[in-house]
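Heads up, the sequence shown is in the working numbering, so the first residue is 4 and it goes up one at a time. This report refers to the structure that appears directly beneath it.
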Amino acid sequence: MAYAEKLVKSWRACWKNAAGTVEKQSGFPTKREARRFAEEQEAEARRRGNARTDASQLLLRDWVEEWHQGLDLEVNTMLGYETIIQNHILPTWGETRLRDLATSDAQIKVWVKKLRDAGYTHRTVGGIVSLLGTICSDAVDAGLMHRNPAAHRRS
Numbered sequence: 004m005a006y007a008e009k010l011v012k013s014w015r016a017c018w019k020n021a022a023g024t025v026e027k028q029s030g031f032p033t034k035r036e037a038r039r040f041a042e043e044q045e046a047e048a049r050r051r052g053n054a055r056t057d058a059s060q061l062l063l064r065d066w067v068e069e070w071h072q073g074l075d076l077e078v079n080t081m082l083g084y085e086t087i088i089q090n091h092i093l094p095t096w097g098e099t100r101l102r103d104l105a106t107s108d109a110q111i112k113v114w115v116k117k118l119r120d121a122g123y124t125h126r127t128v129g130g131i132v133s134l135l136g137t138i139c140s141d142a143v144d145a146g147l148m149h150r151n152p153a154a155h156r157r158s
């Protein structure tokens, strides 16, 4: 439920996103404005959440394509992401449904070990796992996964 919190000199809007996590934004001059903003954010989260009827069947490769199109990063960063995605993430996880990936902690550990055993440096493996974590985190934020299995994963 959307609500407003009183701060010292302003109000903060509080609402639940599509994943059910409470989000907050401060700086509203009145309680009414803060609550209205929170209600709009919650309605938008419900609308977005209800719009994805394919979420339970969505494959990681399809989410990555959608996710990648929404990025606005420097050219070199985008090229680096594309390389990691094509060479490391999609070959292993591309055909995995997001809902199955959300509970793939053990398989991710095995994947990380295989990357290390293949001779990749700790830093390279960390970058690969970090990008998978970012992709999954954004899927959680979009209401497509209930948790991020690559969050804070040690490489």
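Where a beta carbon is used, it is the ideal one built from N, C-alpha and C, also for glycine.
Under 8 Å, with one C-beta from each stretch per pair, do the region 98 to 106 and the region 60 to 71 reach the 3-pair mark?
Flag = yes, the region 98 to 106 and the region 60 to 71 touch.
Mind checking which residues open and close the beta strand (DSSP E) that includes VAL25?
Run containing VAL25: 25 to 31, per the beta strand (DSSP E) assignment.
When DSSP labels each residue in this structure, what does LEU61 get in the three-state scheme?
Three-state result, LEU61: coil.
For ARG150 and ARG35, what's the separation of their Cα atoms in angstroms?
Looking at the two C-alpha atoms, the distance is approximately 33 Å.
Which residues does DSSP list as the beta-bridge partners of TRP14?
According to DSSP, TRP14 bridges with LYS9, PHE31.
Does the region 69 to 79 touch the region 41 to 49, meaning 3 or more C-beta pairs lie closer than 8 Å?
With the cut-off at 8 Å, the region 41 to 49 and the region 69 to 79 do not touch.
Mind pulling the alpha helix (DSSP H) runs of 4 or more residues that sit fully within the region 60 to 114?
63 to 72, 78 to 87, 93 to 96, 101 to 104, all fully within the region 60 to 114.
In whole angstroms, give me the CA-to-CA distance for GLY130 and ALA142.
So the two alpha carbons sit approximately 18 Å from each other.
What's the C-alpha gap between ASP108 and TRP114?
Each residue's Cα considered, the two are about 10 Å apart.
In whole angstroms, what separates the C-alpha of GLN44 from that of SER29?
So the two alpha carbons sit approximately 14 Å from each other.
Report the option in LYS9, ASN20, LYS112 whose CA atom is closest to the CA atom of GLY146.
The residue with the shortest Cα to Cα distance from GLY146 is ASN20.
Just to confirm my understanding: we take PHE40, look at its own chain, exclude 5 residues before and 5 after, and list those with CB closer than 6 Å. What are they?
For PHE40, where only same-chain residues beyond five positions count, the Cβ hits under 6 Å are ALA16.
Starting from ARG150 and walking both ways along the alpha helix (DSSP H), at which residues does that stretch end?
Here ARG150 belongs to no alpha helix (DSSP H), and DSSP marks it neither H nor E.
Between ALA105 and VAL132, is the Cβ-Cβ spacing less than 7 Å?
The answer is no: Cβ separation not under 7 Å.
Can you check DSSP and say which residues form a bridge with LYS19?
DSSP lists VAL25 as partners of LYS19.
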